[in-house]
Amino acid sequence: MFKHIKKLLTEFSVQPTETPSIDFNTALAALMVEVMRSDGKVLAVELKQIEALLVERCELDRTQVDALIKTAQLLVEQAIDLYLFIKQVNNNTDDVERIEIVQLLWYVAYADGNIDSYEEHTIRKISGLMYVTHADFIAAKLAASA
Numbered sequence: 001m002f003k004h005i006k007k008l009l010t011e012f013s014v015q016p017t018e019t020p021s022i023d024f025n026t027a028l029a030a031l032m033v034e035v036m037r038s039d040g041k042v043l044a045v046e047l048k049q050i051e052a053l054l055v056e057r058c059e060l061d062r063t064q065v066d067a068l069i070k071t072a073q074l075l076v077e078q079a080i081d082l083y084l085f086i087k088q089v090n091n092n093t094d095d096v097e098r099i100e101i102v103q104l105l106w107y108v109a110y111a112d113g114n115i116d117s118y119e120e121h122t123i124r125k126i127s128g129l130m131y132v133t134h135a136d137f138i139a140a141k142l143a144a145s146a
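Quick look at the structure:
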C-alpha cells in the first residue's frame, strides 16, 4: 500500500514550471487591465483610457498598444495572482514612479465616471504590493479625480 502511495506522489509531484518573462510595459498594461476587469465589466471607455495612457506614458504607437493590451488581457486571464506584474513594476521603478502608476490605475477606474468598490479594492491591493503608503494612495486618488 505504501509503495502505491509513494508511486502516486512521485507521479503527481509538482514539476517546476517556467515563469514567463514579461517586460515593464506589459506588466503596467496588465495592472490596468486588472483594474478594468475588477468590477466584472470591460467597458469601451475604460479600454480607451488604457490605450491613451499607454500611448502617452509608454510612448508607443496605437498598433503596439493594441498588441500590448491583447497580451496583457491574456496574461491577466491566465494569472493566478499579480506577482509577476508587481515584481516587474517594483524592480523597474522608484517610490515616486510607483505613486504615479497608482494614479494611472485611478484614471482607469474613473474612466466610466463611477468608482466601483471592487476597483478601489484592486487598486488598494496593488498599491500595497508596490509599497505605496496609504497617504500616497489617497493623494493619487484625489489627483486622478481632479
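All residue numbers for the sequence shown refer to full-length UniProt numbering, where the first residue is 1 and numbers rise by one. We put the CB at the ideal spot given by N, CA and C, even for glycine.
For Val76, the secondary structure class from DSSP, reduced to helix, strand or coil, is helix. Contact annotation: the segment 121–128 touches the segment 95–111, with at least three C-beta pairs closer than 8 Å. If you check the CB distance, Ile123 and Val35 come in under 8 Å. With contacts defined as CB atoms closer than 8 Å, Tyr107 and Leu43 fail to qualify as a contacting pair. DSSP places Leu84 inside the alpha helix (DSSP H), whose first and last residues are Tyr83 to Asn92. Of the candidates Val76, Glu77, Ala144 and Leu82, Ala144 places its Cα closest to the Cα of Val102. The alpha-carbon separation between Tyr110 and Glu56 amounts to approximately 17 Å. Annotated three-state conformation of Asn114 is coil, per DSSP. Between Ala139 and Val76, the C-beta gap is not smaller than 8 Å, which leaves the two residues out of contact. For Thr133, there is no enclosing alpha helix (DSSP H), as DSSP marks it with neither H nor E.
Ile115 has its alpha-carbon roughly 24 Å from the corresponding atom of Lys70.
For Val33 against Ala72, the beta-carbon gap comes to about 5 Å, under 8 Å, which counts as contact. Linking Asp94 to Lys41 through their CA atoms gives a straight-line distance of about 31 Å. Secondary structure at Leu31: helix, using DSSP grouped into helix, strand and coil. The straight-line gap separating the alpha-carbon atoms of Asn25 and Leu68 is approximately 8 Å.
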